[in-house]
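Engineer: full-length UniProt numbering puts the sequence shown at residues 1 to 109.
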Amino acid sequence: EDEDEPKEWMAQVEPGVHITFVSLPNGGNDLKRIRFSRDLFNKWQAQRWWGENYDRIMELYNVQRFNRQALQTPARSDDEPRDSTYTRVGSVMESPMTNKEWIPRHYYH
Numbered sequence: 001e002d003e004d005e006p007k008e009w010m011a012q013v014e015p016g017v018h019i020t021f022v023s024l025p026n027g028g029n030d031l032k033r034i035r036f037s038r039d040l041f042n043k044w045q046a047q048r049w050w051g052e053n054y055d056r057i058m059e060l061y062n063v064q065r066f067n068r069q070a071l072q073t074p075a076r077s078d079d080e081p082r083d084s085t086y087t088r089v090g091s092v093m094e095s096p097m098t099n100k101e102w103i104p105r106h107y108y109h
């Protein structure tokens, strides 16, 4: 049974960049997780690094490309959705309240 379990392994591809791979039965690898050291990368640097090194890593580590979209999304947008949600929530919460307070006063006074 253990042989059917995908084998996970980790590589430090550069200082501060650790990638967890899963060995696939067909001999390739799948990319499971990327971790950037906070000491060396902020989130913008991490995103830029991944954008610039994606193809090299895929080739170097024989990563199967069948789910390229799926692979790119989590790595790139790990922080982005939270940010855009914050922005959206922030503006949604601020503007209706100011609108509600402002508009009636203008209309009714």
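Note that CB positions come from ideal geometry on N, CA and C, so glycine has one too.
Run the CB neighbour count on L31, radius 10 Å, all protein chains shown included, and call it buried at 16 or more, exposed below.
Structural biologist: For the purposes of this step, residue 31 is taken as the residue at position 31 of the sequence shown. L31 should be labelled buried.
Engineer: Looking only at DSSP bridge pairs, what is V17 linked to?
Structural biologist: Mapped onto the sequence shown, residue 17 falls at position 17. DSSP output for V17 lists E14, F36 as bridge partner(s).
Engineer: The alpha helix (DSSP H) spanning Y54 covers which residue range?
Structural biologist: Numbered from 1 along the sequence shown, position 54 holds the residue referred to as residue 54. Y54 -> alpha helix (DSSP H) spans 43 to 60.
Engineer: How many angstroms separate the CA atom of G28 from the CA atom of N62?
Structural biologist: Taking the first residue of the sequence shown as position 1, residue 28 is located at position 28. Taking the first residue of the sequence shown as position 1, residue 62 is located at position 62. The alpha-carbon atoms of G28 and N62 are separated by roughly 6 Å.
Engineer: Would you identify the three-state DSSP class for E8, choosing helix, strand or coil?
Structural biologist: As a first step, residue 8 must be located in the sequence shown, where it is residue number 8. Here E8 sits in strand by DSSP.
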